[in-house]
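A short write-up of the structure that comes next.
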Amino acid sequence: MIKKIAFYSLVALAFASCKDSKKEENKEEVVVEETAKPDVELYAFDGGTVMANNLNLFAQGDTYKGESKELADAFYVIKHPNGILLWDTGLPEMLVGQEPYTPEGGAFTITRKDSILNQLKTINLKAEDVNMIAFSHIHFDHTGAANHFPNAKWLIQQSEDDFLNSDDIKGNTFYAPDSFSALKNKEIIANTDYDVFGDGSVVIKYMPGHTAGHNALFVDLPETGPLVLTGDTYHFEQNRIDGVVPQFNYDIPQSEESIKAFEAFVKEKNAKVIIQHDMDDFKEITKAPDAIK
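So, in structure tokens, the structure goes:
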């Protein structure tokens with residue numbers, strides 16, 4: 002009897018060992034391949050400079066009372082295997098070759114050194130090469146050179162388009178509708194995030210509040226990794242640290258909610274943040290004709 006038990010035990014042990022061996026074989030056969038990131042490139046350009054003579058406009062209360070600050074006004078080109086997106090266009094081009102200009106009220110002094118078409122030539126692009134254009138928002142310092150791209154598809158949030166066609170925009174000096182009047186080929190986004198190329202590499206992030214349909218832009222680069230262009234979610238680094246909202250924003254409570262959403266998204270993606278108006282950020286990043294990859 003003892004011999005039989007020993008025999009059955011050996012058979013059971015061998016069977017179990019065989020099962021474990023098959024499991025190990027199956028484990029070895031399962032190979033998870035990472036999908037390569039699309040070959041996306043980001044190019045940063047100088048769209049002018051804004052001297053904020055009254056920095057306290059960028060807060061409520063007296064946070065920056067008596068302060069001034071030089072701000073960048075960048076624009077960007079995103080090259081993707083399936084197309085080219087232009088993100089913002091900088092200040093009005095009538096400033097090129099002129100002395101710094103201070104509009105009525107004296108809050109800002111603005112300058113622009115070069116035109117958008119001259120700068121695009123440095124990366125061998127012409128206006129007709131741009132398939133799509135999107136603005137972080139339609140304030141005049143982001144739409145200044147837009148009319149060079151009448152054939153590009155304009156990606157715009159429904160809420161921004163609604164404001165554009167409302168009476169509220171009339172006489173508001175933060176907007177210059179004539180600067181983008183040539184853009185007729187609109188694609189309306191339903192007040193949500195928009196995956197530009199359908200693969201998650203370039204996503205317009207709906208962050209309303211600064212304007213009715215304000216956006217940030219997420220770009221997932223092959224080498225640099227996840228990166229977010231803020232639009233005007235913030236204007237400079239201290240603005241972000243303080244978590245304050247400019248007093249001239251379209252909707253302050255909505256802006257505060259968008260800031261929370263922005264920070265949560267950045268944390269989730271572990272993304273590098275480029276504050277578009279922050280002069281230090283602009284000085285530090287790679288500029289065209291070199292690409293951020």
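At position 19 of the sequence shown the residue is numbered 20 (my numbering), and the sequence of numbers has no breaks.
Where is the CB? At the ideal position from N, CA and C, for every residue including glycine.
Notebook entry, point to check: For I286, which residues of its own chain have a beta-carbon under 8 Å away from its beta-carbon, when the five flanking residues on both sides are left out?
Noted result: A45, I275, I293
Notebook entry, point to check: Just how far apart, CA to CA, sit H215 and E161?
Noted result: 7 Å
Next item on the list: Determine the extent of the beta strand (DSSP E) in which N216 is found, giving its start and end residues.
Entry: 216-222
Item checked: Euclidean distance between Cα positions of G1 and D74 -> The requested residue 1 does not occur in the structure, where the chain is confined to residues 2 to 294.
Next item on the list: Could you check which residue in L184, Q159, N57, T212 has the C-alpha nearest to that of A191?
Entry: Q159
Notebook entry, point to check: With burial defined as no fewer than 16 other Cβ atoms inside 10 Å of the residue's Cβ, what is the status of A213: buried or exposed?
Noted result: buried
Next item on the list: Please report the residue range of the beta strand (DSSP E) in which K70 lies.
Entry: 70-81
Note to self: Considering Cα atoms alone, identify which of P39, L72, G62, Y65 is closest to K284.
What the structure shows: L72
Check: Are K70 and F175 close, meaning C-beta to C-beta below 8 Å?
Finding: no
Note to self: At the level of alpha carbons, what is the spacing between E94 and Y235?
What the structure shows: 24 Å
Notebook entry, point to check: In whole angstroms, what separates the C-alpha of N166 from that of G98?
Noted result: 33 Å
Item checked: Between the CA atoms of A217 and T231 - distance to the nearest angstrom -> 5 Å
Check: Is the distance from the Cβ of H211 to the Cβ of S256 below 8 Å?
Finding: yes
Item checked: Cβ-based neighbour list, Q120, same chain, cut-off 8 Å, excluding 5 preceding and 5 following -> F46, D47, A289
Next item on the list: State yes or no: is the C-beta of I134 within less than 8 Å of the C-beta of A146?
Entry: no
Check: Roughly how many angstroms separate the alpha carbons of D63 and D233, rounded to a whole number?
Finding: 20 Å
Notebook entry, point to check: Which value, in whole angstroms, describes the spacing of the CA atoms of T90 and E258?
Noted result: 27 Å
Check: Going by Cα to Cα distance, which pick from N54, P227, I139 is closest to P101?
Finding: N54
Margin query: Given this structure, state the Cα-to-Cα distance separating Y77 from K185, to the nearest angstrom.
Written below: 21 Å
Item checked: Environment of P247 [buried if 16+ CB atoms lie within 10 Å] -> buried
Notebook entry, point to check: Can you tell which of L126, I157, K206, P178 has its C-alpha closest to the C-alpha of K187?
Noted result: I157
Margin query: Measuring alpha carbon to alpha carbon, tell me which residue in G107, Y195, A183, D252 is nearest P209.
Written below: D252
Next item on the list: Spatial neighbours of K270 within its chain, please: CB distance less than 6 Å, with the 5 preceding and 5 following residues excluded, ordered by chain position.
Entry: P227
Note to self: On the CB-based measure, 16 or more other CB atoms within 10 Å of its CB, does Q61 come out buried or exposed?
What the structure shows: exposed
Note to self: Closest to L263 by C-alpha separation, out of L92, I189, V51, I205, would be which residue?
What the structure shows: Checking the sequence, you will find Phe at residue 263 rather than Leu. Per the Cα distances, I205.
Notebook entry, point to check: What are the boundary residues of the beta strand (DSSP E) that F263 is part of?
Noted result: Not the beta strand (DSSP E): F263 falls in the alpha helix (DSSP H), residues 253-270.
Next item on the list: Tell me, please, which residues DSSP counts as bridged to L230.
Entry: L218, I275
Margin query: Measuring alpha carbon to alpha carbon, tell me which residue in H138, H143, P82, I124 is nearest D297.
Written below: A query on residue 297 cannot be resolved here, the shown segment of the chain reaching from 2 to 294 and no further.
Next item on the list: May I have the straight-line CA-CA distance separating P178 from H149, to the nearest angstrom?
Entry: 14 Å
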